[in-house]
Amino acid sequence: MTKIQETLAALPEDKKIQFIPVFGDIDTFYTVVYLIARNEHITDIEKPERYEDRLQMIRQIRAKVKCLVNSFGLDGENIVADIASDYFEDYVNYKEPEFIITNDEFIAIVRKISKA
């Protein structure tokens with residue numbers, strides 16, 4: 001477990017409850033932010049068709065996540081940055097964690113974020 005995962009797991013229950021409507025739980029929140037960081041990085045590297053539009057959309061979602069976490073009384077900027085740091089640590093070490101979230105679940109959560 002990484003430092004940010006430990007920090008999130010140690011949050012008081014009243015804070016964890018705030019993640020439920022959008023993410024379901026803290027572990028899913030971590031996974032979604034990790035995947036947002038990964039999608040942004042891969043899009044920036046591979047530069048697929050209309051990648052600028054995709055990057056802009058991904059960055060808007062990331063900014064909304066930060067604001068949402070701030071609204072929970074937590075430091076959204078640092079939490080999102082720490083999770084992104086975990087992704088980059090895995091990337092440079094050629095680690096590919098397995099997540100228990102489907103692509104459809106990820107997309108549904110991203111849609112909830114964009115409406116928040």
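According to full-length UniProt numbering, the sequence shown is numbered sequentially starting from 1. Glycine included, each C-beta is placed from N, C-alpha and C at the ideal position. None of the values given here were measured: they were computed from a predicted structure.
- Task: Would you mind stating whether Ile109 and Val22 have Cβ atoms separated by less than 8 Å?
- Result: yes
Just to confirm before moving on: does the CB-CB distance between Ala116 and Lys66 stay below 8 Å? no
Quick one: what does DSSP say Met1 is sitting in, helix, strand or coil?
coil
Next on the checklist: Just to confirm, is the Cβ distance from Ala37 to Tyr94 under 8 Å?
Outcome noted: no
- request: Might you give, ordered along the chain, the residues of its own chain that have their beta carbon closer than 6 Å to the beta carbon of Glu40, omitting 5 neighbours on each side?
  value: Ile58
- [ ] Round the Cβ separation of Ile79 and Ser114 to the nearest angstrom and send it over; I've been treating them as touching at under 8 Å.
- [x] Not quite, the Cβ-Cβ distance comes to about 19 Å (not below 8 Å), so this is no contact.
According to DSSP, is Phe23 part of a helix, a strand, or is it coil? helix
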